[in-house]
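Numbering (full-length UniProt numbering), first residue to last: 1 to 114.
Backbone N, C-alpha and C define an ideal beta-carbon position, used for all residues, glycine too.
In C-alpha cells, the structure reads:
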C-alpha cells in the first residue's frame with residue numbers, strides 16, 4: 001500500500017522485515033510491537049511488521065524516510081537479545097496498464113507471445 005493523495009507522511013503505511021537472532025522466537029517481538037501499535041506477522045525466518053509511519057518513528061526513534069530503497073532501523077534496547085535487524089521495505093513500484101506486460105487479453109483472445 002502506498003500513500004494516497006490525502007495521506008500525510010504520518011499516515012503512510014510501512015512494512016518492515018525483522019531478522020530474529022538464532023534460537024529465538026517472535027513472542028517478545030509481538031508483545032513489544034503490540035505496545036507500540038505495530039502489527040506483526042511471524043514468518044519462518046523472522047517477521048513482517050506493518051503499521052503507520054508515525055508508529056515506526058515513535059517505536060524505533062527514526063523516520064522510515066522516503067522509502068525509495070531499503071532502510072535499516074536501529075534495534076531498540078528492549079529487543080537486542082531477540083532481534084538481529086529491522087529493515088523497512090521500499091514502496092513497491094506498481095506497473096500501470098500502459099505497459100504491454102500489464103495488458104490482459106480479452107476473453108477468447110490468445111495471449112501475446114513474448
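Residue interval of the beta strand (DSSP E) (run including residue i)
| i | result |
| --- | --- |
| residue 39 | 39-43 |
Coarse secondary structure for residue i, derived from DSSP in three states
| i | result |
| --- | --- |
| residue 15 | strand |
| residue 4 | Unreliable positioning characterises residue 4 in this predicted model, as indicated by a pLDDT of 46, which lies under 50. The coordinate reading is nonetheless provided below. DSSP places residue 4 in coil when its eight states are reduced to three. |
| residue 67 | coil |
| residue 169 | It is not possible to answer for residue 169, since the shown part of the chain is limited to 1 through 114. |
The alpha helix (DSSP H) enclosing residue i, as first and last residue numbers
| i | result |
| --- | --- |
| residue 29 | 27-34 |
Beta bridge counterpart(s) of residue i as assigned by DSSP
| i | result |
| --- | --- |
| residue 79 | Residue 79 is not bridged to any residue. |
| residue 50 | 15, 39 |
| residue 72 | 87 |
| residue 20 | 83 |
CB of residue i within 9 Å of CB of residue j, strictly
| i | j | result |
| --- | --- | --- |
| residue 15 | residue 71 | no |
| residue 26 | residue 47 | yes |
| residue 19 | residue 84 | yes |
| residue 89 | residue 24 | no |
| residue 73 | residue 54 | no |
| residue 82 | residue 28 | yes |
| residue 38 | residue 68 | no |
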